[in-house]
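With this note's numbering, letter number 271 in the sequence shown gets 271, and the count goes up by one each step, no holes.
Cβ atoms here follow ideal geometry from the backbone N, Cα and C, with glycine treated the same way.
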Amino acid sequence: LWSYIVFVGSLSLSISAYRLSPFHPLAQYPGPAIGKVTKLWGLWKASKGYKYLYFKELHDTYGAYVRTGKSSPNELSIIDASAIYPILNFGGLEKGRYYESGRHSATPPSIVCLSGEAHTAKRRVWNRAMTSAAQREYEPLVARRAGQLVERLREQKGPLDFVKWIDLFSMDLMGDLAFGGGFEMLHCGADFDGVGERIRGYMKATHLASQIPWIVSTLHLLPQVGREIQDFNDFGRNLAMRRMKNGAVAGRMDLWYHLADEPGLEGTRPSLETCAADGIVAVVAATDTVASTLTSLVWFLLSHREYYMRVQREVDSVVDDDTSEVNVENHKESKFLDACMSETLRLHPPLPTNGTRQVHLHQPGRSIAGRYIPPGTSVYTPAYSLHRNPAYFSPHPDEFHPERWLPEQNLEFDKHDTTAFLPFSLGPANCVGQKFAQREIFRVVCTLFKAFEMRLASKSDNGLDVDACKWPGEMRDFFVFTRGALWVELTPRNW
């Protein structure tokens with residue numbers, strides 16, 4: 001026994017000494033000693049949802065290039081804008097081992113996990129689903145659900161959890177678009193089928209698996225992780241089977257119409273499992289990216305009354321008083337609301353840390369922005385840290401100042417480098433639905449601000465033990481942001 005302990009101890013010391021030595025391939029990059037030796041500290045942070053804050057702390061301490069030691073000691077996090085484009089853009093690095101949890105699943109990998117030619121083929125289908133013409137087909141569904149959201153909110157008494165209702169709206173809408181409907185959560189006022197819990201459970205399980213990709217295939221066998229992933233896959237398959245059984249709604253070319261290649265443009269129709277995986281991606285994107293941005297935007301505006309009033313005046317100028325109809329084509333004309341959306345995406349990007357890109361072991365090293373990235377290195381480009389880098393956004397990089405996005409008003413902000421603003425990533429793997437998401441957010445904000453006076457609920461409201469000022473502190477990073485309850489008081493407007 002003692003000889004075994006001595007052997008393991010000696011081996012561990014030797015490995016640690018090498019990883020800390022100037023002979024290690026990443027020795028030139030600074031970082032915490034514990035991160036150079038082991039991934040366990042970073043893994044613990046990730047399991048608690050604090051990875052985005054951990055990376056921010058590392059970059060504040062060590063600079064734009066940090067050796068993080070998250071998935072392995074051969075790992076970097078980079079927030080140098082001159083390096084981001086060579087990493088993410090066309091001809092950049094391939095998706096890294098972070099995405100292997102999706103590739104080892106029993107179901108076909110979604111577009112999120114694919115790379116190379118497989119990603120290009122899948123992206124072609126998604127691009128058709130997100131053309132301007134396709135989005136116009138979706139607008140009646142968005143308008144109907146936004147109207148239903150207002151109706152249900154009018155019926156509520158006292159403070160309400162804004163996060164809950166936006167989640168219900170988002171899941172209903174994407175259920176309509178991706179699977180032909182059937183959720184009806186707004187009508188029930190609750191998620192009785194546990195769709196949101198399934199999504200959160202799946203994201204946490206795959207996020208944890210992605211931190212240690214070299215044991216992904218084994219990790220799926222662990223009861224809790226395997227159960228979360230299998231339950232989510234079964235849920236998606238059942239939704240897809242129901243959509244195929246019920247068929248398309250007459251006259252509607254929804255998202256499923258494109259993802260299932262109902263017009264037959266691809267030659268080979270995708271399998272049921274493939275359609276289910278794509279549909280679930282759409283639902284996740286709605287609940288944990290669009291809904292996250294919507295709730296963050298409302299929190300920022302309600303926390304800054306002068307900005308709230310300015311947005312409300314702008315909404316009143318573009319929304320018809322008689323019909324309350326929202327024309328989403330006015331999106332870019334509503335410059336201050338658009339600036340508020342951009343500032344929200346800067347401070348609370350939908351994917352705060354992103355997955356990794358990698359220089360594979362069988363490839364030669366890459367020179368990026370004058371820095372050598374050796375083979376076998378995984379690279380993070382965390383948007384949360386990049387967007388708050390004072391080298392690109394200052395002064396006040398951690399504060400909400402939408403006027404920094406208005407050329408005629410941003411004279412105070414001497415650094416405003418939009419090349420470092422990547423809330424939807426960039427290159428071939430950027431968010432295919434970003435324009436649709438922005439239009440959806442614009443419609444919902446205009447609809448709500450036209451219908452209600454809004455304010456953050458205080459501790460004195462109906463005995464609530466809440467402090468809305470601390471709401472961002474409840475956000476957790478499981479690849480996408482998860483959020484705590486946001487209590488809001490609504491008063492119907494008369495106009």
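**Item:** Bounding residues of the alpha helix (DSSP H) (the contiguous stretch that carries Glu306)
**Value:** In the DSSP assignment, Glu306 falls within the unbroken alpha helix (DSSP H) covering 305 to 318.
**Asked** Between which two residues does the beta strand (DSSP E) carrying Glu489 extend?
**Response** Boundaries of the beta strand (DSSP E) harbouring Glu489: 487 to 492, taken from the DSSP string.
**Message:** According to DSSP, Leu76 sits in a beta bridge with which residue or residues?
**Reply:** Bridge partners of Leu76: Arg67, Val379.
**Message:** DSSP three-state label for Gln358, please.
**Reply:** Gln358: strand per DSSP, three-state reduction.
**Prompt:** Which word fits Tyr372, buried or exposed, when buried means at least 16 other C-beta atoms lie within 10 angstroms of its C-beta?
**Reply:** So Tyr372 counts as exposed.
**Prompt:** Would you say Trp41 reaches chain B, if we count a Cβ-Cβ gap shorter than 8 Å as a contact?
**Reply:** Here chain B cannot be found, since the structure has a single protein chain.
**Prompt:** For the beta strand (DSSP E) that contains Ile368, what are its first and last residues?
**Reply:** Where Ile368 is concerned, the enclosing beta strand (DSSP E) stretches over 366 to 368.
**Message:** In whole angstroms, give me the CA-to-CA distance for Leu93 and Gln358.
**Reply:** Roughly 6 Å separates the two Cα atoms.
**Message:** If I measure Cβ to Cβ from Phe179 and keep anything under 6 Å in the same chain, skipping five residues before and after, which residues do I get?
**Reply:** Taken in chain order, the residues that qualify are Leu239, Arg243, Gly279.
**Message:** Tell me the residue span of the beta strand (DSSP E) that contains Leu347.
**Reply:** Counting along the chain, Leu347 falls outside any beta strand (DSSP E), though it belongs to the alpha helix (DSSP H) covering 335 to 347.
**Item:** Terminal residues of the beta strand (DSSP E) in which Val432 lies
**Value:** In the DSSP assignment, Val432 falls outside any beta strand (DSSP E) and carries neither an H nor an E.
**Message:** Would you call the stretch 305 to 320 in contact with the stretch 369 to 385, where contact means no fewer than 3 C-beta pairs closer than 8 Å?
**Reply:** Short answer: they don't touch.
**Asked** Which residues does DSSP pair with Lys95 in a beta bridge?
**Response** Answer is Arg357, bridged to Lys95.
**Prompt:** Excluding the five sequence neighbours on either side, which residues of its own chain have a C-beta within less than 6 Å of the C-beta of Leu361, listed in chain order?
**Reply:** The answer, listed in chain order, is Pro375, Gly376.
**Prompt:** By Cβ distance, which residues of its chain are closer than 6 Å to Ala260, with the 5 residues on each side in sequence left out?
**Reply:** Its chain contains Cys275 as the residues whose beta carbon lies nearer than 6 Å to that of Ala260, once the 5 sequence neighbours on both sides are disregarded; these appear in chain order.
**Message:** Suppose you measure from the CA of Met174 to the CA of Ser292; what does that come to, to the nearest Å?
**Reply:** Distance between the alpha carbons of Met174 and Ser292 is about 15 Å.
**Prompt:** If we count Cβ pairs, one from each stretch, closer than 8 Å, do we get three or more for the stretch 395 to 408 versus the stretch 247 to 266?
**Reply:** Between the stretch 395 to 408 and the stretch 247 to 266, the count of Cβ pairs shorter than 8 Å is below three; the stretches do not touch.
**Request:** Alpha carbon to alpha carbon, how far is Val195 from Gly473? Give it in angstroms, no decimals.
**Result:** Cα to Cα, the separation comes out at about 24 Å.
**Item:** Nearest-angstrom Cα separation, counted from Ile79 out to Thr356
**Value:** Going from the Cα of Thr356 to the Cα of Ile79 covers about 13 Å.
**Prompt:** Would you call the CB atoms of Tyr29 and Leu76 closer than 8 Å?
**Reply:** Going by C-beta atoms, Tyr29 is nearer than 8 Å to Leu76.
**Item:** Cut-off 7 Å between Cβ atoms - residues of its own chain near Gly182, not counting five sequence neighbours on either side
**Value:** Excluding positions up to five away in sequence, the list reads Gly175, Arg242.
**Prompt:** Taking Val445 as the reference, which of Ala391, Val311, Ala429 has the closest Cα?
**Reply:** It is Val311.
**Prompt:** Within 10 angstroms of its Cβ, does Ser334 collect 16 or more other Cβ (buried), or is it exposed?
**Reply:** Ser334 comes out buried.
**Rounded C-alpha distance that separates Leu58 from Thr120** = Straight-line Cα distance between these residues: approximately 34 Å.
**Request:** Mark Trp44 as exposed unless 16 or more other C-beta atoms lie within 10 angstroms of its C-beta, in which case mark it buried.
**Result:** Flag for Trp44 reads exposed.
**Item:** Proximity to Met171 [Cα-Cα], best of Thr289, Glu266, Glu139
**Value:** Residue Thr289 is the option with its Cα nearest to Met171.
**Asked** Looking only at its own chain, which residues have a Cβ that is under 8 Å from the Cβ of Gln438, when we skip the five neighbours before and after it?
**Response** Excluding residues within five positions, the ones whose Cβ falls inside 8 Å are His331, Met341.
**Beta-carbon proximity of Tyr384 to Lys56, cut-off 8 Å** = Yes, these two residues count as a Cβ contact at 8 Å.
**Prompt:** Under the three-state reduction of DSSP, which class applies to Leu186: helix, strand or coil?
**Reply:** Here Leu186 sits in helix by DSSP.
**Asked** Do you know offhand how far Trp211's Cα is from Pro32's?
**Response** A quick correction: the sequence has Gln, not Trp, at residue 211. When rounded, the distance between both Cα atoms is 18 Å.
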